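Since the structure comes first, as structure tokens, the remarks are kept for the end.
In this note's numbering, the protein residues as written are 15 to 302.
What follows is the structure, given as structure tokens:
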């Protein structure tokens, strides 16, 4: 048994196992990205109806497990053979097996991205709690980025569990010490909270949402306060570049909001995986 376990944990095998695990996780992430905003909207409708003293309209049960995945065009239930990550989409040539309606290429892209990210975490950290924890962080970052891109929402049901999980992991010093994680969580929230209110007082407009505060707090909880400058600078730089490109090339109006969550999430992944080495290299070159 020990020899078999050692073989599975070996550097030659572990990334492939992580890839398969990540592909399966990516399939579930597609469900989360598609359904979670709709679940939130349904909850808001129900709450508004209760405030008005009304009964919310009856609707089909909807959560991350129910109903079974199906084609949005014809309602065809997705069979197990049609739900194999990436391969099923290629086999079906990107179309529903029943009505031949096109299936978006984003589904296999998300699955492949989650798989490759998991394999990358396995290579980076080896067989360790850090690797499996980093996979969870990256998968959450993918889901939050896509949801924010689609709806400009960062659900509390993703940001807050990620924050608490980071603090719990760092009780044992998985990525940083607990004090740094707690300070990172508080600082991450307060920094963007101050930016939000400063911008609002100067312009009368809201420059970002509270979900961004919570996401940066989660990044601070995972990586510690020392990585926050890197995450903020990197996300701000990429966001500014993308915003300028959209305005100049895509003729996007200056008043059209651009979600900040994807850039924060990407910067958080960089800070988690390469933050210490990047900051050490920076200080060794410029402050030696």
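By construction, the Cβ of each residue, glycine as well, lies at the ideal position given by its N, Cα and C atoms. Source: prediction; values computed, not measured.
message: Is it the case that the stretch 233-248 contacts the stretch 185-201, given that we only count it when at least three CB pairs across the two stretches are under 8 angstroms?
response: yes
field: Cutoff 6 angstroms; reference residue 249; Cβ partners in own chain excluding five residues on either side
entry: Translated into positions along the chain shown, residue 249 becomes position 235. Excluding sequence neighbours, residue 249 sits near 277, 278 and 281.
- prompt: Whose C-alpha, out of 272, 243 and 244, is nearest the C-alpha of residue 254?
  reply: Here residue 254 refers to the residue found at position 240 when the chain shown is read from its first residue. The shortest C-alpha separation from residue 254 is found at 272.
- request: Could you check what DSSP says for residue 212 in three-state terms: helix, strand or coil?
  value: Counting from one through the chain shown, the residue named residue 212 turns up at place 198. Of the three classes helix, strand and coil, the one that applies to residue 212 here is helix, per DSSP.
query: Can the beta-carbon of residue 78 be found less than 8 angstroms from the beta-carbon of residue 45?
result: In the chain shown, counting from the first residue as 1, residue 78 sits at position 64. In the chain shown, counting from the first residue as 1, residue 45 sits at position 31. Yes. Within cutoff.
Inter-residue Cα distance where the pair is residue 67 and residue 53: As a working mapping, residue 67 is identified with position 53 in the chain shown. As a working mapping, residue 53 is identified with position 39 in the chain shown. Going from the Cα of residue 67 to the Cα of residue 53 covers about 21 angstroms.
- request: Taking residue 44 as part of the alpha helix (DSSP H), name the residues at either end of that continuous run.
  value: Counted from its first residue, the chain shown places residue 44 at position 30. Element bounds for residue 44: 28-65.
message: What residue range does the alpha helix (DSSP H) around residue 90 cover?
response: Numbered from its first residue, the chain shown carries residue 90 at position 76. Where residue 90 is concerned, there is no enclosing alpha helix (DSSP H), given that its DSSP letter is neither H nor E.
task: Compute the beta-carbon to beta-carbon distance between residue 41 and residue 116, rounded to the nearest angstrom, for a pair I have assumed lies under 8 angstroms.
output: Counting from one through the chain shown, the residue named residue 41 turns up at place 27. Counting from one through the chain shown, the residue named residue 116 turns up at place 102. Contact doesn't hold; Cβ gap of about 18 angstroms is too wide.
Residues near residue 194 in its chain [Cβ-Cβ closer than 7 angstroms; skip 5 each side]: To locate residue 194, count along the chain shown from 1; it is residue 180. For residue 194, where only same-chain residues beyond five positions count, the Cβ hits under 7 angstroms are 238, 239 and 240.
- prompt: Start and end of the alpha helix (DSSP H) containing residue 246?
  reply: For the purposes of this step, residue 246 is taken as the residue at position 232 of the chain shown. Here the alpha helix (DSSP H) through residue 246 covers 242-262.
Buried or exposed by the 16-neighbour rule on C-beta atoms within 10 Å, applied to residue 103: Stepping through the chain shown from its first residue, residue 103 is reached at position 89. With 16 or more Cβ atoms within 10 Å of its Cβ, residue 103 is classed as buried.
- prompt: Hey, how far is the Cα of residue 146 from the Cα of residue 216?
  reply: In the chain shown, residue 146 corresponds to position 132, counting from 1. In the chain shown, residue 216 corresponds to position 202, counting from 1. Rounded to the nearest angstrom, the two C-alpha atoms are 43 angstroms apart.
- request: Return the first residue and the last residue of the alpha helix (DSSP H) that residue 109 is part of.
  value: For the purposes of this step, residue 109 is identified with residue 95 of the chain shown, where counting begins at 1. Counting along the chain, residue 109 falls outside any alpha helix (DSSP H), and DSSP gives it neither H nor E.
message: Mapping the DSSP letters down to three states, classify residue 82 as helix, strand or coil.
response: Locating residue 82 in the chain shown gives position 68, counting from the first residue. Coil.
message: Between the stretch 128-135 and the stretch 24-37, can you find at least three pairs of beta-carbon atoms closer than 8 angstroms?
response: yes
query: I think residue 213 touches residue 221, with their Cβ atoms under 8 angstroms apart; what is that distance to the nearest whole Å?
result: Position 199 of the chain shown, counted from the first residue, corresponds to residue 213. Position 207 of the chain shown, counted from the first residue, corresponds to residue 221. Their Cβ separation, rounded to whole angstroms, is 4 angstroms, which keeps residue 213 and residue 221 in contact under 8 angstroms.
message: Mapping the DSSP letters down to three states, classify residue 290 as helix, strand or coil.
response: Position 276 of the chain shown holds residue 290. DSSP places residue 290 in helix when its eight states are reduced to three.
task: With a threshold of 16 other CB atoms inside 10 Å of the CB of residue 219, please say whether the residue is buried or exposed.
output: The residue labelled residue 219 in the question sits at position 205 within the chain shown. So residue 219 counts as exposed.
query: Buried or exposed: residue 25, going by 16 or more other Cβ atoms within 10 Å of its Cβ?
result: Counting from one through the chain shown, the residue named residue 25 turns up at place 11. Per the 10 Å Cβ criterion, exposed.
- prompt: If you count every other CB in all the chains shown that lies within 10 Å of the CB of residue 312, and 16 or more means buried, which is it?
  reply: Residue numbering for the chain in the displayed model covers 15 to 302; residue 312 lies beyond these limits and cannot be assessed.
query: In its own chain, which residues sit with a C-beta less than 6 angstroms from the C-beta of residue 283, not counting the 5 before and 5 after it?
result: Position 269 of the chain shown, counting from 1, holds the residue named residue 283. Only 152 and 155 meet the Cβ criterion.
- request: Determine the contact status of residue 60 and residue 72, defining contact as a CB-CB distance below 8 angstroms.
  value: Along the chain shown, read from residue 1 onward, the residue named residue 60 stands at position 46. Along the chain shown, read from residue 1 onward, the residue named residue 72 stands at position 58. Result no, Cβ atoms of residue 60 and residue 72 do not sit closer than 8 angstroms.
query: What residue does the alpha helix (DSSP H) around residue 156 start on, and which one ends it?
result: Numbered from its first residue, the chain shown carries residue 156 at position 142. Its alpha helix (DSSP H) spans residues 143-165.
- prompt: In or out: residue 274 buried (at least 16 other Cβ within 10 Å) or exposed?
  reply: Counted from its first residue, the chain shown places residue 274 at position 260. Under this definition residue 274 is a buried residue.
Euclidean distance between Cα positions of residue 231 and residue 204: The residue you call residue 231 lines up with position 217 of the chain shown. The residue you call residue 204 lines up with position 190 of the chain shown. So the alpha carbons of these two residues sit roughly 8 angstroms apart.
query: Is DSSP giving residue 116 helix, strand or coil here?
result: By 1-based counting over the chain shown, the position of residue 116 is 102. Note: residue 116 maps to strand in three-state DSSP.
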